[in-house]
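These notes concern the structure reproduced below.
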Amino acid sequence: MDIRYLVDCKDAISLIARWLFDEWGRFLPGSSFEGGVARLHERLHCDQLPLTLVAMEAGAAIGTVSLIPCDMETRPDLSPSLASLYVAPDHRRCGIGSALIEAAVREAKRVGIDSLFLFTDSSQALYAKHGWQTVESCLYRNRAVVIMRKSVV
1 MDIRYLVDCK
11 DAISLIARWL
21 FDEWGRFLPG
31 SSFEGGVARL
41 HERLHCDQLP
51 LTLVAMEAGA
61 AIGTVSLIPC
71 DMETRPDLSP
81 SLASLYVAPD
91 HRRCGIGSAL
101 IEAAVREAKR
111 VGIDSLFLFT
121 DSSQALYAKH
131 GWQTVESCLY
141 RNRAVVIMRK
151 SVV
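The sequence shown: position 21 = 21 (UniProt numbering), numbered continuously.
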């Protein structure tokens, strides 16, 4: 397994957009698969935000994570954000999510970011294992989430 920039594996854009829409589209009023494809095209960077990383194995995408300016439009103070961590079901519980988190943190540091934020409704323990600290709990888009922060200095 290796981790690449999305700009270096553009053939994976449709698959990743499908994953993300199927996983979180119901929480985003007015979202669409096509909108997800467009957002991923905005993340084709390797030296600035937004950027997307892709876990690849045998030439196929198996997971993804993004660094974006802000993932909670109601909380612009929680910026920048680690967002859209997803691992294909057949590859879960194999360390790929952890590898993507660590790669994203390294990228954040490389581009000069001091700290990152995220929100999660189900993966607090995974992020805590990687040194993320809980900032607060709140309701966001009608679901209970935990906001977390990690210093990357």
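Ideal Cβ positions, reconstructed from N, Cα and C, are used throughout, including at glycine. Values in this document were obtained by computation on a predicted structure and should not be read as measured data.
- DSSP, read as helix, strand or coil, puts residue 116 in strand.
- DSSP, read as helix, strand or coil, puts residue 25 in helix.
- In this structure residue 3 touches residue 55 by the C-beta definition: roughly 5 Å separates them, less than 8 Å.
- Contiguous beta strand (DSSP E) elements confined to the stretch 11 to 83 occur at 51 to 57, 60 to 68, taking only those with 3 or more residues.
- Here the stretch 4 to 12 makes no contact with the stretch 98 to 106; the two share fewer than three CB pairs at distances below 8 Å.
- Approximately 11 Å separates the beta-carbon atoms of residue 65 and residue 81; this is outside 8 Å, ruling out the contact.
- Around the C-beta of residue 146, 16 or more other C-beta atoms lie within 10 Å, and the residue is accordingly described as buried.
- For residue 126, the enclosing alpha helix (DSSP H) starts and ends at 124 to 129.
- Taking C-alpha positions only, residue 142 is separated from residue 67 by approximately 24 Å.
- Between the alpha carbons of residue 19 and residue 53 lies a distance of about 14 Å.
- Under the 10 Å beta carbon count, residue 87 is surrounded by 16 or more other beta carbons and is classified as buried.
- Per DSSP, residue 6 is not a residue of any beta strand (DSSP E), being assigned neither H nor E.
- Cα atoms of residue 131 and residue 73: separation of roughly 25 Å, rounded to the nearest angstrom.
- Spatial neighbours of residue 21 in its own chain (CB-CB distance under 6 Å, excluding positions within 5 residues in sequence) are listed in chain order as 33, 36.
- Distance from residue 107 to residue 51 at the Cβ level is roughly 7 Å; contact confirmed, criterion being Cβ atoms closer than 8 Å.
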